[in-house]
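Residue numbers (the working numbering), protein chains in the order written: chain D, 527 to 767; chain C, 527 to 767. Ideal Cβ placement from N, Cα and C applies to all residues, glycine included. Each remark here refers to the structure printed beneath this line.
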DNA sequence: AAAGTGGTTTGATATATGTCAAAAATCGTG
DNA sequence: CACGATTTTTGACATATATCAAACCACTTT
């Protein structure tokens with residue numbers, strides 16, 4: 527396994543986690559919450575560019591991101607790479623590995639991160655006993671499918687600037703859901719990584735950023751982004767080609 | 527709901543279905559198989575261009591395709607469309623709807639089809655009682671995630687001819703898994719639908735077909751395809767740009 | 001503070017794919 | 001079988017994005 531030794535081990539019950547509303551189903555009974563604490567085991571820390579797992583690793587656990595953010599990527603033998611997502615606190619990562627018991631992509635920390643390991647056997651066992659948890663797990667997997675299909679739409683039928691607008695609006699909305707600013711944030715990923723995610727070359731990403739700035743939709747200075755006109759960005763999407 | 531009245535209703539136990547090896551987990555006990563037959567209810571027939579479900583429909587059931595094939599598509603309000611997949615016998619369809627209890631895409635029959643309805647409540651109940659079934663359901667969902675991410679790679683970083691090669695090889699392999707010819711088959715979808723799936727215009731798809739033919743990799747006459755050189759098609763993928 | 005390194009921006013140019021158009025082939029239907 | 005409607009093919013041309021290159025900037029290391 528590619529996990530570094532846990533830098534600090536905190537026994538951290540899910541029931542008292544401040545991210546519970548993102549990770550867990552609502553409406554669990556006290557009894558169910560207590561049961562669920564069987565699950566939460568250890569938190570692990572990662573530094574920028576550490577691997578949480580690698581493609582080919584044996585699958586044992588899903589991971590809940592407690593803080594920080596990751597990218598997931600597929601590396602094709604011929605050198606092609608595709609970033610398949612950027613994940614942040616409260617999101618569950620590793621779902622692709624369930625199908626074959628082998629991780630199908632790499633997960634790489636974009637900054638300092640803390641992650642909760644969720645042993646999958648245990649999760650399945652608990653979800654047999656707690657129907658709400660079962661349903662929740664299904665919803666999380668289904669949500670990932672919907673997300674991926676949204677990206678297929680983006681990659682299959684949107685132009686460069688539309689893709690970047692979708693990307694920025696999505697980031698904005700997820701940050702807001704975490705109580706952070708929807709309009710001012712630091713990008714944790716490079717132009718190259720954004721390009722890989724959006725199916726564009728890094729120069730094209732950079733030009734699109736510059737163009738948005740010249741249109742007064744955003745201010746951007748390298749990785750610092752301020753959205754000036756959310757509605758204007760939205761409007762980019764309606765210009766069908 | 528958009529389902530037509532079942533044209534014929536056959537009570538058809540999964541345990542005796544010839545597609546069981548595609549739909550069901552291996553190694554179920556006789557007892558478990560018997561339980562599973564609680565699930566299988568009714569088969570429904572569809573004709574070409576019938577909707578199995580539409581985006582926005584209330585979610586109640588997954589569907590197992592018994593015969594025929596479907597496309598799934600997202601229609602964006604601005605008229606953009608994206609075909610997100612082509613599904614054939616033995617495949618399970620509707621997973622995207624679990625996340626919100628509302629179908630997120632349309633499923634349209636590409637030919638005459640027969641479909642088994644799998645009420646999702648029942649499926650969850652059974653999968654709490656049959657751990658192998660639970661695991662199987664998880665694997666099916668995870669497989670869909672992996673599939674979608676493969677398409678992201680295709681859309682994000684492959685050229686037109688590579689995309690078509692991937693498409694043809696994938697079809698070939700799935701047909702072979704169903705005991706059909708890996709090298710001779712009828713396409714059930716139009717150039718436009720293939721293009722939508724691959725993020726290309728129909729003219730580009732048509733040109734790529736013609737080019738493969740001129741290279742003696744395939745014979746293609748409208749919707750009749752014969753693959754002459756499987757290895758040659760594979761080799762298309764290694765020409766990194 | 002200087003030097004090095006990697007990331008970013010911008011410009012000039014090339015190219016793959018899109019667009020538009022017309023003809024050919026195929027399919028469905030009376 | 002013929003008609004119209006639809007799909008497919010092919011060509012000529014347009015364009016969005018990629019490629020190549022250089023300068024610039026920001027961060028790390030010494």
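Flagged as an interface residue toward chain D: residue 723 of chain C, by a C-beta distance shorter than 9 Å.
Using a Cβ distance threshold of 9 Å, residue 681 of chain D and residue 725 of chain C count as a contacting pair.
Cβ atoms of residue 631 of chain D and residue 599 of chain D come within 8 Å of each other, at about 6 Å. The criterion of a C-beta distance shorter than 9 Å is not satisfied by residue 671 of chain C and residue 618 of chain C. Neighbours of residue 610 of chain D in chain C, taken as residues whose beta carbon is under 7 Å from its own, are 675, 678 in chain order. Residue environment for residue 620 of chain C: buried (at least 16 other C-beta atoms within 10 angstroms of its C-beta). Residue contact with chain D for residue 734 of chain C: absent (no Cβ-Cβ distance below 9 Å to any residue of chain D). In the three-state reduction of the DSSP assignment, residue 727 of chain D falls in the coil class. Shortest Cα-Cα distance from residue 710 of chain C to any of C:589, C:743, C:727 involves C:743. By the rule that beta-carbons nearer than 9 Å mark a contact, residue 548 of chain D does not touch chain C. In this structure, residue 565 of chain D lies near residue 644 of chain D, with their beta-carbon atoms less than 9 Å apart. A distance below 6 Å between beta-carbons, with the five flanking residues on each side excluded, links residue 690 of chain D to the following residues of its chain, in chain order: 734. Chain-order list of chain D residues neighbouring residue 590 of chain C: empty, with the shortest C-beta distance near 17 Å, by a criterion of under 7 Å. Where residue 762 of chain C is concerned, the enclosing alpha helix (DSSP H) starts and stops at 756-762. At a cut-off of 9 Å between C-beta atoms, residue 623 of chain D counts as an interface residue with respect to chain C. DSSP lists C:639 as the beta-bridge partner residues of residue 572 of chain C. Within 10 angstroms of the beta-carbon of residue 597 of chain C lie 16 or more other beta-carbons, which makes it buried. DSSP, read as helix, strand or coil, puts residue 539 of chain C in coil. Sixteen is the threshold: when 16 or more other Cβ atoms of the shown chains lie within 10 Å of the Cβ of residue 677 of chain C, as they do, the residue is buried.
In the structure shown, residue 611 of chain C adopts extended strand secondary structure according to DSSP, grouped into three states. The beta carbon of residue 706 of chain C does not come within 9 Å of any beta carbon belonging to chain D, so the residue lies off that interface. Judged by DSSP in its simplified three-state form, residue 593 of chain D adopts strand. For residue 568 of chain D and residue 642 of chain D, the gap between their C-alpha atoms comes out near 6 Å.
Here residue 578 of chain C really is in contact with residue 633 of chain C; their C-beta atoms are around 4 Å apart, less than 8 Å. Residue pairing by DSSP places residue 750 of chain D opposite D:712, D:747 in a beta bridge. If you look at residue 658 of chain C, you'll find it in the alpha helix (DSSP H) that goes 657-683.
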